[in-house]
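Line by line, the protein sequences give chains A and B. All residue numbers for the first sequence refer to numbering that gives the first Met the number 0, where the first residue is 0 and numbers rise by one. All residue numbers for the second sequence refer to numbering that gives the first Met the number 0, where the first residue is 0 and numbers rise by one. Okay, so here's the structure we're looking at.
Number of protein chains: 2
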Amino acid sequence: MKNRIEVCFSPRDFDLYKEGFEIIVVIDVLRATTAICAGLANGVKAIIPVDSIEKALDYKEQGYLVGAERKGQIVEGFDFGNSPYSFMNTKFIDKEVVLTTTNGTKSIEISKYSGQIVIGSIVNLEALTNWLVKQNKDILCLCSGWQDKFNLEDSICAGAIADILIKSGKFYSDEDSTISAKYLFQQAKTNPFGLLKASSHRRRLKNLNLNKDIRYCLTPNQLKVVPILKDGKLILLNEE
Amino acid sequence: MKNRIEVCFSPRDFDLYKEGFEIIVVIDVLRATTAICAGLANGVKAIIPVDSIEKALDYKEQGYLVGAERKGQIVEGFDFGNSPYSFMNTKFIDKEVVLTTTNGTKSIEISKYSGQIVIGSIVNLEALTNWLVKQNKDILCLCSGWQDKFNLEDSICAGAIADILIKSGKFYSDEDSTISAKYLFQQAKTNPFGLLKASSHRRRLKNLNLNKDIRYCLTPNQLKVVPILKDGKLILLNEE
Chain A
0 MKNRIEVCFS PRDFDLYKEG FEIIVVIDVL RATTAICAGL ANGVKAIIPV
50 DSIEKALDYK EQGYLVGAER KGQIVEGFDF GNSPYSFMNT KFIDKEVVLT
100 TTNGTKSIEI SKYSGQIVIG SIVNLEALTN WLVKQNKDIL CLCSGWQDKF
150 NLEDSICAGA IADILIKSGK FYSDEDSTIS AKYLFQQAKT NPFGLLKASS
200 HRRRLKNLNL NKDIRYCLTP NQLKVVPILK DGKLILLNEE
Chain B
0 MKNRIEVCFS PRDFDLYKEG FEIIVVIDVL RATTAICAGL ANGVKAIIPV
50 DSIEKALDYK EQGYLVGAER KGQIVEGFDF GNSPYSFMNT KFIDKEVVLT
100 TTNGTKSIEI SKYSGQIVIG SIVNLEALTN WLVKQNKDIL CLCSGWQDKF
150 NLEDSICAGA IADILIKSGK FYSDEDSTIS AKYLFQQAKT NPFGLLKASS
200 HRRRLKNLNL NKDIRYCLTP NQLKVVPILK DGKLILLNEE
């Protein structure tokens, strides 16, 4: 019997879609889930996602390395935000670090009791789908969007995951959101930068001089990692 | 200066998008807004949209012709639902009739104080966009969706409107939802039945033996009408 793969476009719609899934893939391509993949691939021991600046400050006072981003910028008083490059730093190796972001960590917070959270992005697409296809479980891709609105890059990433899983022959989908995400991905596949050129969030980050980050976030399959949430911490999946 | 055209995928998201638009195009392709166009094009004097069965019953007791649809079917105790063919009946000519539907009349209800409501569908696409392009106003397409979820046919119709208006050179868009709707429309354009074949709502209606309705709803530009909401009633725009 086939398993189900569906796409939810925004955390705000999560309650309409959440029932009956065993795995939730949280996606925030620009940039939280990409940064999480980059950090864990580069030796960070664990990333603790928190959904408020207050909680992040608590951790900072306890001596943790803490990243905080709101609206694309590092929050005052914190050392880094959600740039994937921030996490590629030798001082992060084997550390547990803390992260709060505008959209991505919120998605984790609202979905963490609804299924096993795994982290999706364009940089770990292949490793993630290779793992997902073997799970025999119903899977929901939760796009983080932008301040509760639909966004293009997360939807395309979710569409890629749905497309790959459905083509494996082991999955089906029922929702129009999933069909549309697949179509957007198929259109983006031939020219991802072209389709995303017009994306509102990409323009927003470009205005903040984050072109290097954007290029990193949109380059597929650089990292062979599958981050999962375990006991409130994002760690690398141990396949043994 | 260019005007703005944007797409909101669901009534549930309307509060995120509603600010600053002067015209709201309410879209419920399968089938409420198609039926409204068909009715007014076929001589119905006005259609009074109501958002509850209770209000619909009140009108029925007052002697009105009243249609009521929930989940694709005629509600018990009412004479018709939202099939466009219901309204092509000589007994409707010059009458004011009442309609309540699962998604479409709800969209009208939540948006009626945010701008001038006009009715969009695939059957009146050309007449509608010919009129919209001349208005010099900011326009939001509000998709009715299916029980608050994204749906494919309304999004494609909204994408067609956005595409036509932007190509006129008089409009721009900022939102990723609008970009995506345009892409979905461009993909659907060459083969609308192909893309919609998989749509969840189309499957739902097909199971109810409504293939004739579906074919009508998806045939572009049959009707040269622009329905607008005036004093709580949907009537034909008088361009004089």
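Note that CB positions come from ideal geometry on N, CA and C, so glycine has one too.
> For E152 of chain A, which of helix, strand or coil comes out of DSSP?
Replying inline: helix
> Does the beta carbon of D212 of chain B sit closer than 8 Å to a beta carbon anywhere in chain A?
Replying inline: It does not; no Cβ of chain A falls within 8 Å.
>> So with CB distances below 7 Å, who are the chain E contacts of Y182 of chain B?
In response: In the displayed structure, chain E is absent; the protein chains listed are A and B.
> Under the three-state reduction of DSSP, which class applies to Q185 of chain A: helix, strand or coil?
Replying inline: Reduced to three states, the DSSP call for Q185 of chain A is helix.
> Going along the segment 131–145 of chain A in order, which residues come within less than 8 Å of chain B, judged by CB to CB distance?
Replying inline: So the close ones are W145.
> Which bits of chain A does L15 of chain B rub up against, with CB to CB less than 7 Å?
Replying inline: Correct list: D147, K148.
>> For a minimum of 4 consecutive residues, which ranges assigned as the alpha helix (DSSP H) are wholly contained in the segment 5–84 of chain A?
In response: 13–16, 31–40, 52–60
> Since G119 of chain B sits in a beta bridge, which residues does DSSP pair it with?
Replying inline: DSSP output for G119 of chain B lists B:I26 as bridge partner(s).
> Which value, in whole angstroms, describes the spacing of the CA atoms of T101 of chain B and S120 of chain B?
Replying inline: 16 Å
> When the Cα of I52 of chain A is compared with those of A:I46, A:N41, A:V74, which residue comes out closest?
Replying inline: A:V74
>> Residues of chain A with CB closer than 8 Å to the CB of D27 of chain B, please, in chain order.
In response: Ordered by position in chain A, no residue passes the 8 Å Cβ test against D27 of chain B, which lies about 14 Å from the chain.
>> If distances are taken between C-alpha atoms only, which option among B:S110, B:T128, B:A31, B:E152 comes closest to I165 of chain B?
In response: Closest in alpha carbon position to I165 of chain B, among B:S110, B:T128, B:A31, B:E152, is B:T128.
> Alpha carbon to alpha carbon, how far is I234 of chain A from N150 of chain B?
Replying inline: Spanning the alpha carbons of I234 of chain A and N150 of chain B requires a straight line of approximately 36 Å.
> Do you know how far the Cα of K70 of chain B is from the Cα of V117 of chain A?
Replying inline: 35 Å
> For G175 of chain B and chain A, any beta-carbon pair shorter than 8 Å?
Replying inline: At residue 175 of chain B the sequence reads Asp, which differs from the Gly that was named. Interface residue, yes.
> Do you know how far the Cα of L141 of chain B is from the Cα of N220 of chain A?
Replying inline: 37 Å
> What residues of chain A sit near S154 of chain B, judged by a beta carbon separation below 9 Å?
Replying inline: D175, S179
>> So, under 8 Å CB-CB, G42 of chain A and D93 of chain A are touching, yes? Tell me the CB distance rounded to an integer number of Å.
In response: 7 Å
> To the nearest angstrom, how far is it from the Cα of K90 of chain B to the Cα of T99 of chain B?
Replying inline: 19 Å
> Where I107 of chain B and K188 of chain A are concerned, what is the direct C-alpha to C-alpha distance, given to the nearest angstrom?
Replying inline: 37 Å
> K1 of chain A to N208 of chain B, Cα distance in whole Å?
Replying inline: Rounded to whole angstroms, the separation of the alpha carbons of N208 of chain B and K1 of chain A is 27 Å.
>> Since A180 of chain B and V6 of chain B should fall inside the 8 Å C-beta cutoff, what is the C-beta to C-beta distance between them, to a whole number of angstroms?
In response: 4 Å
>> Less than 8 Å between the beta carbons of G144 of chain A and I22 of chain A, yes or no?
In response: no
> When you compare only the Cα positions, how much space is there between I213 of chain A and D147 of chain B?
Replying inline: When rounded, the distance between both Cα atoms is 32 Å.
>> For I107 of chain A, report the span of its alpha helix (DSSP H) as first-last.
In response: 103–110
>> On a Cα-Cα basis, can you pick out the residue from A:S167, A:K211, A:V97 that is closest to N29 of chain A?
In response: As written in the sequence, residue 29 of chain A is Leu, which differs from the Asn given in the question. Cα-wise, what sits closest to L29 of chain A is A:K211.
> Can you name the residues of chain A whose CB is closer than 7 Å to the CB of F8 of chain B?
Replying inline: F149
> Does DSSP classify L222 of chain B as helix, strand or coil?
Replying inline: Three-state result, L222 of chain B: coil.
> Less than 8 Å separating the beta-carbons of V225 of chain B and L217 of chain B?
Replying inline: no
> K229 of chain A bridges to which residues according to DSSP?
Replying inline: A:K232
>> Am I right that T20 of chain A and D137 of chain A are in contact with their C-beta atoms under 8 Å? What's the rounded C-beta distance?
In response: Looking at the sequence shown, residue 20 of chain A is not Thr but Phe. F20 of chain A to D137 of chain A, Cβ: 5 Å. Contact.
>> So, under 8 Å CB-CB, E95 of chain A and K232 of chain A are touching, yes? Tell me the CB distance rounded to an integer number of Å.
In response: 7 Å
> Apart from the five residues on each side of it in sequence, which residues of its chain come closer than 7 Å, Cβ to Cβ, to L228 of chain B?
Replying inline: Residues of the same chain with a CB within less than 7 Å of the CB of L228 of chain B, apart from the 5 flanking positions on each side, are I107, K111, I116 in chain order.
> Can you tell me whether D230 of chain B is buried or exposed, with buried defined as 16 or more other CB within 10 angstroms of its CB?
Replying inline: exposed
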